[in-house]
Amino acid sequence: MLKKMSAALLALAIGVSSTAAQDSAPIRIVIGFAAGGVTDILARVLSDEMGKRLNTTVIVENRPGGAGSIAVQQVSRAKPDGTTLIMIPGTYTIVPAIRTLDFDTKTALTPISLIASAPSMLAVAKNTKYTNVKEVIADAAARPGEIPYGSSGVGSTSHFMGILFEREAKVKLNHIPFKSSGESLQAVLGGHIPMSFSAVNSALSAVQAGEVRALAMGSAKRSSFLPDVPTFGELGLPKVLSETWIGLCGPADMPATLVQKINAAVMEAVKMPETQKRLQEIGVDVLAEGPEQFKKTINDEVDLYESLARSMNLARQ
Numbered sequence: 000m001l002k003k004m005s006a007a008l009l010a011l012a013i014g015v016s017s018t019a020a021q022d023s024a025p026i027r028i029v030i031g032f033a034a035g036g037v038t039d040i041l042a043r044v045l046s047d048e049m050g051k052r053l054n055t056t057v058i059v060e061n062r063p064g065g066a067g068s069i070a071v072q073q074v075s076r077a078k079p080d081g082t083t084l085i086m087i088p089g090t091y092t093i094v095p096a097i098r099t100l101d102f103d104t105k106t107a108l109t110p111i112s113l114i115a116s117a118p119s120m121l122a123v124a125k126n127t128k129y130t131n132v133k134e135v136i137a138d139a140a141a142r143p144g145e146i147p148y149g150s151s152g153v154g155s156t157s158h159f160m161g162i163l164f165e166r167e168a169k170v171k172l173n174h175i176p177f178k179s180s181g182e183s184l185q186a187v188l189g190g191h192i193p194m195s196f197s198a199v200n201s202a203l204s205a206v207q208a209g210e211v212r213a214l215a216m217g218s219a220k221r222s223s224f225l226p227d228v229p230t231f232g233e234l235g236l237p238k239v240l241s242e243t244w245i246g247l248c249g250p251a252d253m254p255a256t257l258v259q260k261i262n263a264a265v266m267e268a269v270k271m272p273e274t275q276k277r278l279q280e281i282g283v284d285v286l287a288e289g290p291e292q293f294k295k296t297i298n299d300e301v302d303l304y305e306s307l308a309r310s311m312n313l314a315r316q
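Take the sequence shown: its letters are residues 0 to 316, numbered as in numbering that gives the first Met the number 0.
What follows is the structure, encoded as structure tokens:
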């Protein structure tokens, strides 16, 4: 009898110990793009620290396709119990302006944490005559539609930044779309075009090497990577804002208490020195904003990009 009781107590103790070690189901963070990109790297950087704080295992899963929309659909239909999450880039708010989707971008997901961002900037070739934004505007005003600029494609973040710049500066440029930000930057480096709108993490090494000049940042405050470069707001163009942010979301209708719990874990994780070091290495600034601000960012940007797409007569695919 004593042996049976001891065995039962031992089994109970093991069960309690196991529950204490991991008191919730594993969490899956879905990425709508192939492995190796900034969004994927950020998810993997945060996964261990999040797991420690939530007392569980956090797994990163790549589900590329449809400019990230396949992953969004999968997560939006998952149970809102916090076990299925998604890391999304800023292009999430652009996609509805250029594609017909089967979901509402504003309501398909529950915003949890706006984690990091890489502002876009106006970069010019080192051998151009432009030394500041004022000179670019003056030349563009004198030669409407003639001065080319590169972007990473029609409907991309950099393309929309160019449109914003044209609208606010009241000038007309000549848009040259490339297949990627890397190709656009190479065209500037090769002297084929005088300038491009590029994300800081894409062009940083070229700027630091003196191969291109950064004239202005499309962020509300100066980037920690290039603190000497002014923002467009400082130069009198406060509405020229463009940042490639990255944030964590869950399925629609997640309970507020669960959202706050996961957000708290993320906020603690991004404060860790090792996490901050890794974020610096991939060229992104920490934002660390909560669900309310994140939701506002998504809603505001969806409205902005749809407005810009209409002004450009850009047809949805």
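The beta-carbon is built from N, C-alpha and C at its ideal position, and this holds for glycine as well.
Three-state secondary structure (DSSP) of residue i
i: residue 155; result: coil
i: residue 99; result: coil
i: residue 46; result: helix
i: residue 310; result: helix
i: residue 52; result: helix
i: residue 149; result: strand
i: residue 215; result: strand
i: residue 109; result: strand
i: residue 114; result: strand
i: residue 40; result: helix
i: residue 136; result: helix
i: residue 161; result: helix
i: residue 67; result: helix
i: residue 130; result: coil
i: residue 299; result: helix
i: residue 170; result: coil
i: residue 77; result: coil
Residues of its chain near residue i, where Cβ-Cβ distance is below 6 Å and the 5 sequence neighbours each way are ignored
i: residue 132; result: 214, 215 and 234
i: residue 34; result: 61
i: residue 264; result: 49, 52 and 53
i: residue 228; result: 213 and 216
i: residue 223; result: 284
i: residue 164; result: 239
i: residue 118; result: 199, 216, 217, 218, 222 and 242
i: residue 287; result: 266 and 269
i: residue 56; result: 25 and 50
i: residue 303; result: none
i: residue 66; result: 94
Same chain, Cβ closer than 7 Å to residue i, neighbours up to 5 away in sequence not counted
i: residue 97; result: 154, 308, 313, 315 and 316
One or two residues paired with residue i in a DSSP bridge
i: residue 180; result: DSSP, once it has assigned bridges, lists no residue as partnering residue 180.
i: residue 197; result: 120
i: residue 291; result: Its beta-bridge partners do not exist; DSSP assigns none.
i: residue 62; result: Answer is none; residue 62 lacks a bridge partner.
i: residue 86; result: 30 and 247
i: residue 175; result: 149
i: residue 57; result: 26
i: residue 285; result: 115
Chain B within 8 Å of residue i, Cβ atoms only
i: residue 236; result: Note that chain B does not occur in the displayed structure, where there is just one protein chain.
Chain-order list of residues whose beta-carbon lies under 8 Å from that of residue i (same chain, five-residue window excluded)
i: residue 186; result: 149, 175, 177, 192 and 195
i: residue 43; result: 59
i: residue 100; result: 68 and 94
i: residue 76; result: 250
i: residue 188; result: 124, 205, 210 and 211
i: residue 106; result: 251
Distance between beta carbons of residue j and residue i, contact taken as under 8 Å
i: residue 112; j: residue 282; result: About 19 Å separates the two Cβ atoms, so there is no contact after all.
i: residue 52; j: residue 267; result: 6 Å
i: residue 159; j: residue 93; result: 7 Å
i: residue 184; j: residue 202; result: 6 Å
i: residue 115; j: residue 297; result: In fact, because the Cβ distance is near 15 Å, the residues do not count as touching under 8 Å.
Residue i: CB within 7 Å of a non-hydrogen atom of the ligand ADP
i: residue 218; result: Here there are no bound small molecules, and the ligand ADP is not part of this structure.
task = Note down, one range per segment and in chain order, each beta strand (DSSP E) of at least 3 residues found wholly within the segment 218-280.
result = DSSP runs (the beta strand (DSSP E)) wholly in the segment 218-280: 242-250.
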